[in-house]
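A short write-up of the structure that comes next.
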Amino acid sequence: MATIFSKIISGEIPCHKIAENENFLAFLDIMPLRKGHALVIPKKEIDYIFDMEDDELADMMIFAKSISHKIKKVFPCRKIGVTVIGLEVPHAHIHLIPINGIADMNFAQEKMTLSNEELAQIAQDIQNA
């Protein structure tokens, strides 16, 4: 498959890592909808999230839950929105987005452009939360 996410997992492409374990990786979206917008991916290459084994999918959601708590501490919001689109990169992934209203999750809106330094600081803040 060798998607951009596979290259991030292997270290070929850098990312602003928030957390990882042997099965999953969480990192910041470099074109976020909101500050703190993160992606959670399985390290196993699989295109469609619902093709994952049940236990893998459950474990991924539990991993995402732990990341969402950290994001919410750094970026106070009503909730952490969760969405799965899966069309832009053929590698299963979950978006975690700090939201105060449904419009905050509109992927048709213009994305934010943050500097590498801003992203690095956000990643560090979430790691430390």
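Just so you know, UniProt numbering puts 123 at position 123 of the sequence shown, and the rest follows in order with no gaps. Glycine included, every Cβ here is placed at the ideal spot set by N, Cα and C.
Please classify residue i: is it buried, with 16 or more other beta-carbons within 10 angstroms of its beta-carbon, or exposed?
{"i": "residue 87", "result": "exposed"}
{"i": "residue 120", "result": "exposed"}
{"i": "residue 24", "result": "buried"}
{"i": "residue 95", "result": "buried"}
{"i": "residue 32", "result": "buried"}
{"i": "residue 5", "result": "buried"}
{"i": "residue 134", "result": "This structure cannot settle anything about residue 134, because the visible part of the chain is limited to 1 through 129."}
{"i": "residue 64", "result": "buried"}
{"i": "residue 62", "result": "exposed"}
Is residue i helix, strand or coil when you go by DSSP?
{"i": "residue 99", "result": "strand"}
{"i": "residue 20", "result": "strand"}
{"i": "residue 84", "result": "coil"}
{"i": "residue 107", "result": "coil"}
{"i": "residue 120", "result": "helix"}
How close, in whole Å, do the beta carbons of residue i and residue j come, if the pair is a contact with beta carbons under 8 Å?
{"i": "residue 92", "j": "residue 49", "result": "4 Å"}
{"i": "residue 74", "j": "residue 129", "result": "5 Å"}
{"i": "residue 39", "j": "residue 123", "result": "12 Å between Cβ atoms; not a contact."}
{"i": "residue 67", "j": "residue 26", "result": "5 Å"}
Quick one: give me the first and last residue of the alpha helix (DSSP H) that residue i is part of.
{"i": "residue 57", "result": "54-74"}
{"i": "residue 92", "result": "First-last for residue 92: undefined, no H or E at that position."}
{"i": "residue 5", "result": "4-10"}
Measure the C-alpha to C-alpha separation of residue i and residue j and round it to an integer number of angstroms.
{"i": "residue 8", "j": "residue 101", "result": "31 Å"}
{"i": "residue 115", "j": "residue 56", "result": "34 Å"}
{"i": "residue 58", "j": "residue 113", "result": "32 Å"}
{"i": "residue 89", "j": "residue 3", "result": "7 Å"}
{"i": "residue 12", "j": "residue 76", "result": "33 Å"}
{"i": "residue 36", "j": "residue 106", "result": "15 Å"}
Which residue marks the beginning of the beta strand (DSSP E) containing residue i, and which one marks its end?
{"i": "residue 41", "result": "38-42"}
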